[in-house]
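Comments concern the structure below.
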Amino acid sequence: MTEKPNKMQTNNLNFFYKDFHALYDINLPVRQNAVTALIGPSGCGKSTFLRTLNRMNDVINGSKAKGEVLLDGKNVYDADVDPVDLRKKVGMVFQKPNPFPMSIFDNLAYGPRIHGIKNRGRLNEIVENSLKDAALWDEVKDRLQQSAMGLSGGQQQRLVIARVLAVEPEVILMDEPASALDPISTSKLEDLIYQLKENYTIVIVTHNMQQAARVSDYTGFFLNGEMVEYDVTNTIFTAPRDKRTEDYITGRFG
Amino acid sequence: MNKKIVRYYEKGIKYVLALTAGTSILILFLIFFFLFREGAGVFAHVNILDFVFGKDWSPVSEPPVFGALPLIAGSMVVTFGAGMIAIPTGIGIAVFLAEMAPHSVREIAKAIIELLAGVPSVVYGFIGLTILAPLIKDIFNLPSALSAFTASVVLAVMALPTVVSISEDALNAVPQDFREASLALGATKWETTLRVVLPSARSGLIAASMLGLGRAIGETMAVLMVAGNATLIPHSIFDPVRTITADIAAEMGETVQGGLHYQALFGLGMVLFVITFFINLITDLVFAKTSSIKRGASL
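Protein chains in written order, with the numbering used here: chain A, 1 to 254; chain B, 255 to 553.
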């Protein structure tokens, strides 16, 4: 596989919740138009790390990041970066599908409306394209005005992805997006992730190692707030360099 | 043997709970029955439409005239005024407490606001009479400060704790997921509050408003002291008014039990009952409509 350019890069990133040191010197490249998977046991810091990439941790009182998170070479923790602008470029999909209690259309139009698009025709177009890109259009096109809460879990998760796509981000972060889904929905979601990397850069946190192996191009293994190993996914799963990585992927702990 | 006891126990609990639930419904029916029994007599003397829409309330003139419209209008104006003040203010305070205030401020402010609910209404009336009324008189340059407006302000303060604490609960019940999803789409804190949190909490906010209004429409002592007590249909919010509740409280002592005036006051009670019933009914209907989208029913 040819090396892809870095869309994002963290340099000696440390993260603290008050006195708790959650991440230690993380140096991880996020390659453009590729899927980077973060694996590791619960509480290893992979979700915390993911949330530093779009500064979602800022919401938590007493949290602090040290080091750099570069997006196209610019540190997103610089004083002149507005986290609101950052999050337009770096979208996020959460563990539990979280559509708003509104119609499907309004869910999709939420982001574009916030960013100033009022024209109905333009909104229709964005909604349709985002739903098509999220492989949900055919299932919901006849009921766009119905509540998004009436969709199945798998449909809701694709809706949430479509909602992120509607904002036209460059990077999409996914925090265990399939953990609440059944196997069929999971497989649809994985197909979708595979298609999305044509146009987007994706970082996905997952508990499921088969999933990491199936969808990702690169994998980082986290343990106790450190990144133990990072490599091409194939290498991580077939020839890990670190003993701890090997123990984890062979199921000896975690 | 043991199983049998458990089964009787389970059944026993069920019946006890059913009994308590049934009692509250029974009490409601008894109240309605009692109101009707005591008050229905008045409608043998006065046409019900004349009673509700009559513009003159002179229960002690000869012959007495029972037109409750000034009192109904008084209650409406005062309640509406109180709602116009208490609902936006209360929801505003709740948004600040739930979405913006740091934890320590929130806890202290909540305790103080809930303490407001514990102040006896006669104390509010007293403060309204001695402090607020002269102030309003000076500010708006009025001949008399005892008016619908003064009563509205006092009632608004009294309804505020209800509105704030129920609104705050409603806002806290909005899942954190919604806020995070909105922030992650590049919305600001304020956009998130306005476009996601408030609409999601809508049914709770409506309940808070309606309970606040219910508190205001039923209040008697404070309005009796500050509303001015003129049985006239108000033409402006600064006119003195008499509310249904204040009228019942003021006149009940002078009536002969079972007499026409006595019956007329119970008739007023029925009117008040019907008004509150419709407020609750509307709330329920609005609830049913707004909560359907959450449950996923088609619109």
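Every residue, glycine too, gets a C-beta built ideally from N, C-alpha and C.
Source: prediction; values computed, not measured.
Check your understanding: Relative to the C-alpha of Met92 (chain A), which residue among B:Gly440, B:Arg360, B:Leu486 is closest?
Key -> For the residues B:Gly440, B:Arg360, B:Leu486, the minimum Cα distance to Met92 (chain A) belongs to B:Gly440.
Check your understanding: Taking the C-alpha atoms as reference points, what is the distance between Thr10 (chain A) and Pro29 (chain A)?
Key -> Going by the C-alpha atoms only, they are around 6 angstroms apart.
Exercise for review: With a cut-off of 8 angstroms on the beta carbons, I'd call Leu514 (chain B) and His299 (chain B) a contact; round off their distance for me.
Suggested key: Contact between Leu514 (chain B) and His299 (chain B) holds, with the beta-carbon distance rounding to 6 angstroms and staying under 8 angstroms.
Check your understanding: Using CA coordinates, which residue listed in A:Gly121, A:Thr201, A:Ser47, A:Ser179 is at the minimum distance from Asn208 (chain A)?
Key -> Looking at the Cα atoms, A:Ser179 is the closest of the given residues.
Point to revise | Helix, strand or coil at Gln511 (chain B) according to DSSP, with G and I counted as helix | key: In the three-state DSSP reduction, Gln511 (chain B) falls in the coil class, being neither helix nor strand.
Exercise for review: Give the DSSP-derived three-state secondary structure of Leu486 (chain B) in the structure shown.
Suggested key: Here Leu486 (chain B) carries a coil assignment [DSSP, helix/strand/coil].
Point to revise | Min CB distance Tyr110 (chain A) to chain B below 8 angstroms | key: It does; some Cβ of chain B falls within 8 angstroms.
Exercise for review: May I have the straight-line CA-CA distance separating Asn12 (chain A) from Ala166 (chain A), to the nearest angstrom?
Suggested key: So the two alpha carbons sit approximately 33 angstroms from each other.
Exercise for review: With a 10 Å radius around its C-beta and 16 neighbouring C-beta atoms as the bar for buried, classify Met149 (chain A) as buried or exposed.
Suggested key: Counting every other CB atom within 10 Å of its CB across the protein chains shown gives Met149 (chain A) a total of 16 or more, marking it as buried.
**Study point:** Three-state secondary structure (DSSP) of Gln9 (chain A)
**Key:** In this structure, Gln9 (chain A) counts as strand in the three-state DSSP scheme.
Practice item. Measure from the C-beta of Val314 (chain B) to each C-beta in chain A and report whether the shortest distance is under 8 angstroms. Key: For Val314 (chain B), not one C-beta of chain A is nearer than 8 angstroms to its own C-beta.
Review point. Of all Cβ atoms in chain A, is any one closer than 8 angstroms to the Cβ of Phe403 (chain B)?
Key: Phe403 (chain B) has a beta carbon lying at 8 angstroms or more from every beta carbon in chain A.
Check your understanding: Whose CA, out of A:Asp217, A:Asn33, A:Asn14, A:Lys96, lies closest to the CA of Glu198 (chain A)?
Key -> For Glu198 (chain A), the closest alpha carbon among the candidates A:Asp217, A:Asn33, A:Asn14, A:Lys96 is that of A:Asn33.
Practice item. Using a Cβ cut-off of 8 angstroms (strictly closer), state whether Phe271 (chain A) contacts chain B. Key: Outside the displayed range of chain A (1 to 254) lies residue 271 (chain A), so it cannot be described from this structure.
Check your understanding: Would you call the CB atoms of Thr219 (chain A) and Thr233 (chain A) closer than 8 angstroms?
Key -> With respect to Thr233 (chain A), Thr219 (chain A) sits close: the two C-beta atoms are nearer than 8 angstroms.
**Study point:** the region 460-477 of chain B in contact with the region 125-135 of chain A per 3-pair CB rule at 8 angstroms
**Key:** No, the region 460-477 of chain B does not touch the region 125-135 of chain A.
Practice item. Tell me, please, whether the CB atom of Phe100 (chain A) is closer than 8 angstroms to any CB atom in chain B? Key: Any Cβ of chain B closer than 8 angstroms to the Cβ of Phe100 (chain A) would place that residue at the interface, and such an atom is present.
Check your understanding: So, helix, strand or coil for Asn534 (chain B), using DSSP?
Key -> Three-state DSSP puts Asn534 (chain B) in a helix.
Practice item. Compare the beta carbon distance of Ile487 (chain B) and Lys268 (chain B) with 8 angstroms and say whether it is the shorter of the two. Key: Contact: no.
Review point. Which bits of chain B does Val84 (chain A) rub up against, with CB to CB less than 7 angstroms?
Key: Per Cβ cutoff of 7 angstroms: Gly440, Thr442.
Point to revise | Proximity winner among B:Ala518, B:Leu519, B:Ile529, B:Leu452, relative to Met102 (chain A) (alpha-carbon distances) | key: Considering only alpha carbons, the answer is B:Leu452.
Check your understanding: What is the residue span of the beta strand (DSSP E) that Phe100 (chain A) lies within?
Key -> Unbroken run through Phe100 (chain A): none, as it is neither H nor E.
Exercise for review: Return the chain-ordered list of same chain residues with a C-beta closer than 6 angstroms to the C-beta of Pro397 (chain B), the five sequence neighbours on each side being excluded.
Suggested key: So no residue of the chain qualifies.
Exercise for review: List the residues of chain B that Met227 (chain A) touches, going by C-beta distances under 7 angstroms, in chain order.
Suggested key: Under a criterion of Cβ atoms nearer than 7 angstroms, no residue of chain B is adjacent to Met227 (chain A); the nearest Cβ is some 23 angstroms distant.
Check your understanding: Closest Cβ-Cβ distance between Ser358 (chain B) and chain A: below 8 angstroms?
Key -> No, no contact with chain A.
Exercise for review: Please check if any C-beta of chain B sits within less than 8 angstroms of the C-beta of Leu189 (chain A).
Suggested key: The beta carbon of Leu189 (chain A) does not come within 8 angstroms of any beta carbon belonging to chain B, so the residue lies off that interface.
Practice item. Just mark Ile249 (chain A) as buried or exposed, buried being the case when its beta carbon has 16 or more other beta carbons within 10 Å. Key: Ile249 (chain A) comes out buried.
Point to revise | Alpha carbon of Lys259 (chain A) to alpha carbon of Ala365 (chain B), nearest angstrom | key: In the structure displayed, chain A extends from 1 to 254; residue 259 (chain A) sits before or after that span and is not available.
Practice item. Report the three-state DSSP secondary structure of His299 (chain B) (helix, strand or coil). Key: Note: His299 (chain B) maps to helix in three-state DSSP.
Review point. Between Phe297 (chain B) and Ser375 (chain B), what straight-line distance do the alpha-carbon atoms span, to the nearest angstrom?
Key: CA-CA distance, Phe297 (chain B) to Ser375 (chain B), rounds to 33 angstroms.
Check your understanding: Between the region 184-216 of chain A and chain B, which residues of the former have a C-beta closer than 8 angstroms to a C-beta of the latter?
Key -> From the region 184-216 of chain A, no residue has a Cβ closer than 8 angstroms to chain B.
Point to revise | Environment of Trp444 (chain B) [buried if 16+ CB atoms lie within 10 Å] | key: Label assigned to Trp444 (chain B): exposed.
Practice item. Ignoring anything shorter than 3 residues or poking outside the region 164-251 of chain A, list the beta strand (DSSP E) runs there in chain order. Key: The region 164-251 of chain A is shown to contain whole beta strand (DSSP E) runs of 3 or more residues at 171-175, 201-205, 218-223, 226-232, in chain order.
Check your understanding: Considering only C-alpha positions, which residue in the set A:Asn27, A:Thr186, A:Ser63, A:Gly43 is nearest to Lys210 (chain A)?
Key -> A small correction: the amino acid at residue 210 (chain A) is Gln; Lys does not occupy that position in the sequence shown. Closest by C-alpha distance to Gln210 (chain A), out of A:Asn27, A:Thr186, A:Ser63, A:Gly43, is A:Thr186.
Exercise for review: Provide the residue(s) that pair with Val93 (chain A) in DSSP beta bridges, ordered along the chain.
Suggested key: Note: Val93 (chain A) sits in a beta bridge opposite A:Met174.
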